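Accompanying notes for the structure given below.
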Amino acid sequence: MIIVFFGPPGSGKGTIASIVKKQLGIPHISTGDLLREEVKNKTELGMKAKAYMDRGELVPDELVLEVLKKRTEKPDCKKGFILDGYPRNVEQAKTLDRMFKIDYIFNFVISEEEIIRRLSNRRICPKCGAIYNLISMPPKTPGICDQCGTALIQRDDDKPQAIRERLSVYKKQTAPVLEYYGDRVINVNTEGPNASKTASEKILRIVKGEV
Ligand code: AMP
0 MIIVFFGPPG SGKGTIASIV KKQLGIPHIS TGDLLREEVK NKTELGMKAK AYMDRGELVP
60 DELVLEVLKK RTEKPDCKKG FILDGYPRNV EQAKTLDRMF KIDYIFNFVI SEEEIIRRLS
120 NRRICPKCGA IYNLISMPPK TPGICDQCGT ALIQRDDDKP QAIRERLSVY KKQTAPVLEY
180 YGDRVINVNT EGPNASKTAS EKILRIVKGE V
């Protein structure tokens, strides 16, 4: 089963994917995580991608496609996967349709005000990838990952200037993908108390055919 999680940065794609993937037994593929891994390992691709990422701009399509192809060819993707952060423009959406038959496209709906609040308070674990929020989901010990004890960091692109750029890129280049997908899109609200839990439950009911 191939599922696309679509939505602006900070709309909960990573958090909700980490809940849903356990229930469905398929991996969560985040192109942002794949690119950050390349940057961390200082690969040639990572070095090319880094400048775009730090500025909050989109990395060129051919570089993202290369990491995506490499990841989806791994054996754990045989039963499908949850895709988060791809497609980010209409060209990528067309490429994806040529590569796979997508079963579900969920669009995460959230206000810009809440996105800014979430991204500026987001902290991540550089080792295991766990995501925290200083207000709504703080770690048990300040600054330390609950799962692996590593010191948490703020992503460079979660700083104010990059957040503004990412939102502008989303509006100009990514949001038009919704028009391309048309009625294949299922909207899910990801704002408000308990939104991650409610949204995950809705998604699971739909993909399990319970609604
Ligand atoms: P994310 O973790 O999804 O917010 O992605 C972080 C950054 O990685 C983005 O701001 C882009 O610079 C880059 N990125 C991730 N996915 C894509 C994509 N599908 N196309 C282009 N750039 C991407």
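The numbers in numbering that gives the first Met the number 0 rise by one with no breaks, and the one at position 21 of the sequence shown is 20.
Built from N, CA and C at the ideal position, the CB exists for glycine as well.
Keep in mind it's a predicted model, so treat the numbers as computed, not measured.
At a cut-off of 7 Å, would you count residue i as near the ligand AMP, judging by its Cβ distance to the nearest heavy atom?
| i | result |
| --- | --- |
| residue 86 | yes |
| residue 156 | yes |
| residue 46 | no |
| residue 180 | no |
| residue 29 | yes |
| residue 51 | yes |
| residue 148 | no |
| residue 160 | no |
| residue 95 | no |
| residue 82 | no |
| residue 211 | Any question about residue 211 goes unanswered here, given that the chain covers just 0 to 210. |
| residue 116 | no |
| residue 6 | no |
| residue 165 | yes |
Does the separation of the CB atoms of residue i and residue j fall below 8 Å?
| i | j | result |
| --- | --- | --- |
| residue 56 | residue 210 | no |
| residue 173 | residue 107 | no |
| residue 156 | residue 75 | no |
| residue 18 | residue 105 | no |
| residue 0 | residue 206 | yes |
| residue 84 | residue 201 | no |
| residue 8 | residue 165 | yes |
| residue 121 | residue 109 | no |
| residue 28 | residue 71 | yes |
| residue 125 | residue 140 | no |
| residue 147 | residue 138 | no |
Taking 6 Å as the limit between beta carbons, can you name the residues of its chain near residue i, skipping five residues before and five after?
| i | result |
| --- | --- |
| residue 92 | 86, 176 and 179 |
| residue 63 | 30 |
| residue 114 | 7 and 9 |
| residue 45 | 37 and 38 |
| residue 82 | 3 and 28 |
Starting from residue i, trace the beta strand (DSSP E) both ways and give me its first and last residue.
| i | result |
| --- | --- |
| residue 82 | 80-83 |
| residue 122 | 121-123 |
| residue 131 | 130-132 |
| residue 19 | That residue, residue 19, is in no beta strand (DSSP E); its alpha helix (DSSP H) goes 12-23. |
Can you find the residues in the same chain that come closer than 8 Å, C-beta to C-beta, to residue i, ignoring five residues on each side of it along the sequence?
| i | result |
| --- | --- |
| residue 80 | 1, 2, 25, 26, 27, 28 and 71 |
Considering residue i, what are the terminal residues of the alpha helix (DSSP H) in which it resides?
| i | result |
| --- | --- |
| residue 38 | 30-39 |
| residue 168 | 159-168 |
Give me, in chain order, the residues of the same chain whose beta-carbon lies closer than 7 Å to that of residue i; leave out the 5 immediate sequence neighbours on both sides.
| i | result |
| --- | --- |
| residue 203 | 19 and 22 |
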